[in-house]
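Take the sequence shown: its letter number 72 is residue 542 in the numbering used here, and every next letter is one higher.
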Amino acid sequence: MAATHPFSDEDLARLNESFEQATAEEILRWAWDTFAPAVVASSSFQTQSVPLLHLISRVCPAMPILFIDTGFHFPETLAFRDELRDRYGLNIVTVHPEITQSELFRKYGEGLYRRDPDLCCYINKVRPMQRALEGKQAWITGVRRDQTKNRAHLRTIERQATGVLKVHPLLRWSREDVAAYRERYHLPVHPLYHLGYLSVGCAPCTRPVLVGEDERAGRWAESGKTECGLHLDWH
Ligand code: SF4
């Protein structure tokens with residue numbers, strides 16, 4: 471259950487209108503000033519996550535940043551998370567699924583991610599996030615409109631079915647904006663980035679991107695799935 475907040479649909483429409491002209495920094499500062507301490511960010515700690523993490527370190531370093539440890543991450547992702555924590559002084563909160571990986575394997579077999587990736591993502595990502603958001607008013611994400619068809623129509627603030635407000639400070643950024651920000655602040659890249667992993671999720675569901683493919687083409691490439699479910703409405 472999300473904590474209640476005072477924004478009506480009309481308020482959100484007005485804010486969304488004004489946020490179409492605001493910078494990512496302004497949106498992030500507004501979210502922190504408005505909702506702290508009932509606000510968290512989430513991150514998958516890949517290359518494209520770093521600009522938001524860097525912005526948080528500059529604007530609101532105390533912001534809790536949720537990392538969902540599904541148990542299926544590349545070891546390089548865990549190492550990169552720790553490197554970024556130390557470098558930018560991030561307040562990372564690691565969240566785990568309700569059941570251990572051995573319980574998951576016992577109950578569903580080892581290849582659930584192949585047979586039913588939606589169920590696997592629900593157990594290992596969506597449910598842990600739902601629990602971590604209990605009592606929160608706002609959730610900061612790094613999603614952008616140019617990443618997937620589902621994301622193209624998002625607004626900067628979205629009210630979730632649970633009542634929590636999802637805030638996307640980087641929504642209007644393009645892939646080029648991310649690259650420019652990374653260059654400007656000399657941001658590090660995920661250790662697998664130069665091997666073609668432009669977007670990195672769990673190891674069994676991520677392959678390198680081929681020349682000419684979209685940034686997220688290496689995610690669930692065999693199944694046609696494009697979202698883990700964290701950024702779909704949970705109604
Ligand atoms: S990304 Fe793959 S391994 Fe990770 S939770 Fe989803 S289906 Fe399971």
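All C-beta atoms in this analysis are idealised placements derived from N, C-alpha and C, irrespective of residue type, glycine included.
- Short of 8 Å from the beta carbon of Asn486, and not among the five residues preceding or following it, lie these beta carbons of its own chain, in chain order: Arg625, Thr626, Ile627.
- Here the alpha carbon of Ser572 sits roughly 25 Å from the alpha carbon of Glu692.
- Straight through space, the alpha carbons of Asn594 and Glu553 are spaced by roughly 24 Å.
- With a threshold of 16 other beta carbon atoms within 10 Å, Thr570 falls short and is exposed.
- A distance below 6 Å between beta-carbons, with the five flanking residues on each side excluded, links Ala687 to the following residues of its chain, in chain order: Val679.
- Our two residues, Ala649 and Lys577, have alpha carbons roughly 42 Å apart in a direct line.
- Boundaries of the alpha helix (DSSP H) around Asn486: 479 to 489.
- If you draw a straight line from the Cα of Val596 to the Cα of His656, it is about 32 Å long.
- Short note on Thr696: C-beta not closer than 7 Å to any heavy atom of the ligand SF4.
- By DSSP's assignment, Ile535 forms a beta bridge with Ala511, Ile562.
- A direct Cα-Cα distance of roughly 34 Å separates Tyr651 from Tyr583.
- If you compare the alpha carbons of Asp684, Phe550, Trp643, Trp690 with that of Thr611, the shortest gap goes to Trp643.
- Short note on Pro587: C-beta closer than 7 Å to some heavy atom of the ligand SF4.
- Setting aside the 5 residues that flank it on each side, Pro674 is surrounded in the same chain by Phe542, Tyr583, each with a C-beta closer than 7 Å to its C-beta; the list follows chain order.
- For Arg654, the enclosing alpha helix (DSSP H) has its first and last residue at 645 to 654.
- Contact annotation: the stretch 596 to 606 touches the stretch 504 to 515, with at least three C-beta pairs closer than 8 Å.
- By the criterion of a C-beta distance shorter than 6 Å, Leu498 is surrounded in its chain by Leu525, Val529, Pro639, once the five residues flanking it on both sides are discounted.
- Counting along the chain, the unbroken alpha helix (DSSP H) around Ile497 starts and ends at 494 to 505.
- The DSSP-derived three-state label of Thr611 is coil.
- Assignment of Glu628 by DSSP, reduced to helix, strand and coil, places it in the strand class.
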